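Protein chains: 2
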Amino acid sequence: MASIKKDINWETKVIELLKEKKLSITVPRKMIIRLLLKEHGPFSAEEIYNKLPKNTCDQVTVYRCLNQFVETQLVTPSYFEKEMVLFEFNDPHHHHHHIICKICKKIDSFHDCILNKIETSLAKKGYKDIQHRLEFIGVCGACQNS
Amino acid sequence: MASIKKDINWETKVIELLKEKKLSITVPRKMIIRLLLKEHGPFSAEEIYNKLPKNTCDQVTVYRCLNQFVETQLVTPSYFEKEMVLFEFNDPHHHHHHIICKICKKIDSFHDCILNKIETSLAKKGYKDIQHRLEFIGVCGACQNS
DNA sequence: ACTAAAAATGCAAATGAGTTGCAAATATAT
DNA sequence: ATATATTTGCAACTCATTTGCATTTTTAGT
Chain B
1 MASIKKDINW ETKVIELLKE KKLSITVPRK MIIRLLLKEH GPFSAEEIYN
51 KLPKNTCDQV TVYRCLNQFV ETQLVTPSYF EKEMVLFEFN DPHHHHHHII
101 CKICKKIDSF HDCILNKIET SLAKKGYKDI QHRLEFIGVC GACQNS
Chain P
147 MASIKKDINW ETKVIELLKE KKLSITVPRK MIIRLLLKEH GPFSAEEIYN
197 KLPKNTCDQV TVYRCLNQFV ETQLVTPSYF EKEMVLFEFN DPHHHHHHII
247 CKICKKIDSF HDCILNKIET SLAKKGYKDI QHRLEFIGVC GACQNS
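Chains as they are written, first to last, in my numbering: chain B, 1 to 146; chain P, 147 to 292.
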């Protein structure tokens, strides 16, 4: 009973999100968004595909959906390394960043957002040899009228 | 005369850098480092290959060299998008970050390094709809003794 | 609801940046 | 100068992601 109710709530929430972004409501889209809401990644496209119930959809569909979600900013991609794009639900109320271990590749996240504060907080967590990558993405003056 | 002298200086500087990183001195390595010192990227592996004088080396060698340079931190990679890794000489005295235009993909760089300051400075430069990606890379506690 | 038009999906095939194996060439150390 | 180790070129390969097209599902209009 409780779980049915809970699923109905997920369904409603997910449909709302898709409508907000003007994306049509399809089974694969709903399943992927629900997964990303329930489990907090970041996950690769392949991990997402594997986490979906068998026969939910083709792997190609996962790629297509994720691309659309990124375009509509429903989902945020992180580019840690070559061939390592990880996706996460984009919740503006839980803005955060990640740290990846160079060796074991485990990813941890933190909610600080000023660089020096961050480095201190990461050092306290036991990380050594910390580097960072900071990239901004925007629309330049020249492209604003096109 | 002046240009020969200048080239000799480049040669010396480049050899010094390679030795510092304990990399053997080869023609392709020297050429790639010299290019990255002379022109400030960031450049893709392909761009680098094309900028090298014809027949300097194979494209595979460019990939191999760049990977070694990244490993030894002689060069810094930026991951703006999937399949878009850009390389730059890593000069600790000119620490900076980039902004890419979502539309035209032109890359600009800036030297501020506190997030709010940065966003203000980018807005002054005329960018709109600014997002950022900040990732940290380090060695976690568990991996420090392995 | 019913139907036509639009959009999304599955499958198979293609793409393409980056990697790998191996023999030949080059660099390093003694 | 010679032996050993490293790097390079070439060709073939890999593998995540994309694309084309026929089929299915969704949406919007009546």
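Each residue gets a CB set at the ideal place from its N, CA and C atoms; glycine is no exception.
All figures in this text were calculated on a predicted structure; none of them were measured in a lab.
Terminal residues of the beta strand (DSSP E) in which residue i lies
{"i": "P:Glu281", "result": "Lys274 to Val285"}
{"i": "P:Leu232", "result": "Met230 to Phe235"}
{"i": "P:Asp254", "result": "Ile253 to Phe256"}
{"i": "P:His243", "result": "His243 to Cys247"}
Option in the options with minimal Cα separation from residue i
{"i": "B:Leu86", "options": "B:Lys105, B:Cys143, B:Lys22 and B:Thr56", "result": "B:Lys105"}
{"i": "P:Glu227", "options": "P:His278, P:Arg210 and P:Gln214", "result": "P:His278"}
{"i": "P:Lys176", "options": "P:Ala191, P:Cys203, P:Asn196 and P:Pro188", "result": "P:Cys203"}
{"i": "B:Thr72", "options": "B:Ile118, B:Ile99, B:Leu23 and B:Leu52", "result": "B:Leu23"}
{"i": "B:Val75", "options": "B:Thr120, B:Tyr127 and B:Ile48", "result": "B:Ile48"}
{"i": "P:Trp156", "options": "P:Lys184, P:Lys270 and P:Met230", "result": "P:Lys184"}
{"i": "B:Phe136", "options": "P:Asp237, P:Glu234 and P:Tyr225", "result": "P:Tyr225"}
{"i": "P:His257", "options": "P:Ile246, P:Tyr273 and P:His240", "result": "P:His240"}
{"i": "P:Lys167", "options": "P:Phe189, P:Asn196, P:Gln214 and P:Glu192", "result": "P:Gln214"}
{"i": "B:Leu66", "options": "B:Asn55, B:Pro53, B:Ser44 and B:Asn50", "result": "B:Ser44"}
{"i": "P:Val206", "options": "P:Lys271, P:Pro174 and P:Lys248", "result": "P:Pro174"}
{"i": "P:Leu237", "options": "P:Lys271, P:Asn201, P:Val216 and P:Ile171", "result": "Looking at the sequence itself, residue 237 of chain P is Asp, so the reference to Leu does not match. Of the listed residues, the one whose Cα sits closest to P:Asp237 is P:Val216."}
Limits of the alpha helix (DSSP H) - the one that residue i falls within
{"i": "B:Leu35", "result": "Val27 to Lys38"}
{"i": "P:Ile194", "result": "Ala191 to Lys197"}
{"i": "P:Thr218", "result": "Run containing P:Thr218: none; DSSP gives neither H nor E here."}
Residue i and residue j closer than 8 Å at C-beta
{"i": "B:Ile107", "j": "B:Glu119", "result": "no"}
{"i": "B:Glu88", "j": "B:Gly41", "result": "yes"}
{"i": "B:Tyr127", "j": "B:Ile99", "result": "yes"}
{"i": "B:Leu134", "j": "P:His243", "result": "yes"}
Practice problem: Please list the residues of the stretch 229-240 of chain P that have a C-beta atom closer than 9 Å to any C-beta atom in chain B, keeping them in chain order. | Solution: Glu229, Met230 and Val231
Exercise. Evaluate contact between the stretch 132-143 of chain B and the stretch 177-184 of chain P, counting only Cβ atoms and requiring at least three cross-stretch pairs below 8 Å.
Key: no
Self-check item: Chain-ordered residues of the stretch 197-227 of chain P with a beta carbon less than 9 Å from chain B
Solution: Gln219, Thr222, Pro223, Ser224, Tyr225, Phe226 and Glu227
Practice problem: May I ask you to list, following chain order, the residues of the stretch 178-192 of chain P that have a beta carbon less than 9 Å from some beta carbon of chain B? | Solution: none
Self-check item: Contact residues within the stretch 130-141 of chain B, judged by C-beta distance below 9 Å to chain P
Solution: Ile130, Gln131, His132, Arg133, Leu134, Glu135, Phe136, Ile137, Gly138, Val139, Cys140 and Gly141
Self-check item: Interface residues of the stretch 92-111 of chain B facing chain P [CB-CB below 8 Å]
Solution: His97, His98, Ile99, Ile100, Cys101, Lys102, Ile103, Cys104, Lys106 and Asp108
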